[in-house]
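Enquirer: Provided herewith is a single structure, encoded as structure tokens, for subsequent inquiry.
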Amino acid sequence: MSSTTFEFKVADGLAITVRPVDAVALNEVANATRLVDFECATMGRAMAAAIGEEGALDGTAISKDVFNAALRKMLPVVQGLSDVMKNKVGLFLSNIFYAVEATDEEDDDVVRTDSLMASLSILCGGSKTS
235 MSSTTFEFKV ADGLAITVRP VDAVALNEVA NATRLVDFEC ATMGRAMAAA
285 IGEEGALDGT AISKDVFNAA LRKMLPVVQG LSDVMKNKVG LFLSNIFYAV
335 EATDEEDDDV VRTDSLMASL SILCGGSKTS
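For reference, each letter of the sequence shown is one residue, going 235 to 364 in my numbering.
See the structure below:
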């Protein structure tokens, strides 16, 4: 029996592949963080505000620490989750960051915000093309 696999191109040379087993975790994290309630453009604006830099999503390079701090600002709901769910959300979001970092040709421990936002869009509701 074959299972359906979805692939989302999120940037040049970067795609996210979602298998059925991944979809369960993806749905769980999207709902727990309430990112599913954000349109992609709204999530991008919230992330830019949380980063606090003008043009923050125009390819600015950010570190994992800046990413984590921005997520804490824009997703306060996570603090109310169980420890198990906090760990799952943290692991899932960290994996997205590190997957984007792995495609970066420079070894500088930062990622471009445009690639990161494109990857995070898989957790958002609404159109993925905004």
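We put the beta carbon where it would ideally sit given N, CA and C, even for glycine. From a predicted model like this one, the values you see are computed outputs, not experimental measurements.
For a quick check, are the C-beta atoms of Val334 and Leu248 less than 8 Å apart?
Expert: Yes; because the gap between Cβ atoms is below 8 Å, this pair is in contact.
Enquirer: Out of Phe272, Asp256, Ala257, Ala259, which has the shortest C-alpha to C-alpha gap to Met351?
Expert: Of the candidates Phe272, Asp256, Ala257, Ala259, the one whose C-alpha sits nearest the C-alpha of Met351 is Phe272.
Enquirer: For Val323, collect the residues of the same chain with a Cβ closer than 8 Å to its Cβ; drop the 5 residues on either side in sequence, then sort them by chain order.
Expert: Contacts found: Val263, Ala266, Thr267, Val312, Leu315.
Enquirer: Do you know whose CA, among Asp246, Met277, Ile250, lies nearest Ser353's CA?
Expert: Residue Ile250 is the option with its Cα nearest to Ser353.
Enquirer: The alpha helix (DSSP H) with Val318 in it runs from where to where?
Expert: It spans 317-337 - the alpha helix (DSSP H) in which Val318 sits, taken as one unbroken run.
Enquirer: Would a C-beta distance cut-off of 8 Å place Ala304 and Ile285 closer than the cut-off?
Expert: Yes, Cβ-Cβ distance for Ala304 and Ile285 is below 8 Å.
Enquirer: Should Met235 be labelled buried (16 or more other beta-carbon atoms within 10 Å of its own) or exposed?
Expert: Unreliable placement is indicated for Met235, whose pLDDT of 45 sits below 50; the coordinate value is still reported in the next sentence. Burial call: exposed.
Enquirer: My output table needs one value for Phe301: the three-state DSSP class, helix, strand or coil.
Expert: Phe301: helix per DSSP, three-state reduction.
Enquirer: Helix, strand or coil for Met235 per DSSP?
Expert: Here the model assigns Met235 a pLDDT of 45, short of 50, so the residue's position is not dependable, and the following value carries that caveat. It is coil, neither helix nor strand.
Enquirer: Which class does Arg346 belong to by DSSP, given the choice of helix, strand or coil?
Expert: Note: Arg346 maps to strand in three-state DSSP.
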